[in-house]
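Here is the structure we will look at, set down as structure tokens.
Residue numbers (the UniProt record's numbering): 1 to 91.
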């Protein structure tokens, strides 16, 4: 059974979007690495709970506005934030 051309096209679109997501995540982690270096330089804690709380509220609002499940968006953002904190602690 052959795969419909429409399905192939949609899968190619998904692959392109996945690539863009990972390029953006890599760029984000490059920027947060710079933040980590500044925190180290100024002897600031690796984690800023007030900033994280504000970010999570913003993500929840953005998810709602764009039709994403806000709970899923919060879990996804929490995963990113946790990784950033780990990286900052290793600086």
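Glycine included, each C-beta is placed from N, C-alpha and C at the ideal position.
- The beta carbon of residue 39 lies closer than 8 Å to those of 45, 46, 88, 91 in the same chain, with the five residues before and after it left out.
- When C-alpha distances from residue 63 are compared across 77, 51, 4, the shortest belongs to 77.
- The three-state reading of DSSP puts residue 2 in coil, since its state is none of H, G, I, E or B.
- For residue 70, the enclosing alpha helix (DSSP H) covers residues 70-89.
- With contact defined as three or more Cβ pairs closer than 8 Å, the segment 42-61 and the segment 16-24 are not in contact.
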